[in-house]
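S.K.: I have a structure I would like to understand better, so I am pasting it below and will then ask my questions one at a time.
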Amino acid sequence: MNINEMHFIREILVTDFQGKEVPTMQASEASTSSLHPQFQEVAFYDAEAVRTLYHELGGGRQEGARMGSTIVLPHRSRWAQLWRITAEQVQVLDNAYSPEQLAELRVLDRDKARARNRLMRD
């Protein structure tokens, strides 16, 4: 995953097969105007660089929280990508929802869209 194409970065605790909680970096290349970006786990060989960037830009996870804040990186031109991004250029969002709550919200949004489409067809 190319760091220059990432627009959302967050840290989340994932429980592995042994029951240990492992901090994992996730990123999304969705547009910065996306309400529900689709996150993917950052590759293990990029995880440390992304984690360092995440903390430099003001991201963090409170003790006991399963999900950290989300960093929203702006769209930048190829010329601007030659310089390192700074904390003044990003937006930091504190997550109020757990992944389970976000999944429930997506289901509700999908159900609303289906109901609207059903009304439009009738």
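As numbered in numbering that gives the first Met the number 0, residues 0 to 121 make up the sequence shown, in order.
For glycine and all other residues, C-beta sits at the position ideal for the given N, C-alpha and C.
Because the structure is a prediction, the values reported are computed rather than measured.
Quick one: what's Glu20 bridged to in DSSP?
M.R.: DSSP lists Thr14 as partners of Glu20.
S.K.: To the nearest angstrom, report how far apart Thr85 and Leu56 are at their CA atoms.
M.R.: Computed Cα separation, rounded: 7 Å.
S.K.: With a cut-off of 8 Å, do at least 3 Cβ pairs link the region 3-14 to the region 24-32?
M.R.: Yes, the region 3-14 is in contact with the region 24-32.
S.K.: Spatial neighbours of Ala46 within its chain, please: CB distance less than 6 Å, with the 5 preceding and 5 following residues excluded, ordered by chain position.
M.R.: Within the same chain, Ala46 has close Cβ partners Met24.
S.K.: State the Cα-Cα distance for the pair Gly63 and Asp121, rounded to the nearest angstrom.
M.R.: Their backbone Cα atoms lie some 49 Å apart in a straight line.
S.K.: Given this structure, state the Cα-to-Cα distance separating Thr51 from Ile2, to the nearest angstrom.
M.R.: Near 12 Å, if we compare the C-alpha coordinates of Ile2 and Thr51.
S.K.: How many Å lie between Arg117 and Ser32 at the Cα?
M.R.: The straight-line gap from Cα to Cα measures roughly 27 Å.
S.K.: Taking a contact to mean a Cβ-Cβ separation below 8 Å, would you say Val71 touches Gln100 in this structure?
M.R.: Taking 8 Å as the Cβ cut-off, Val71 and Gln100 do not qualify as a contacting pair.
S.K.: Which first and last residues belong to the alpha helix (DSSP H) in which Thr85 is found?
M.R.: From DSSP, Thr85 is part of no alpha helix (DSSP H); its letter is neither H nor E.
S.K.: Specify the secondary structure class of Gln100 as computed by DSSP and reduced to three states.
M.R.: In the structure shown, Gln100 sits in a helix (DSSP, three-state: H, G or I).
S.K.: Helix, strand or coil: how does DSSP classify Leu92 here?
M.R.: Looking at Leu92 - three-state DSSP - the assignment turns out to be strand.
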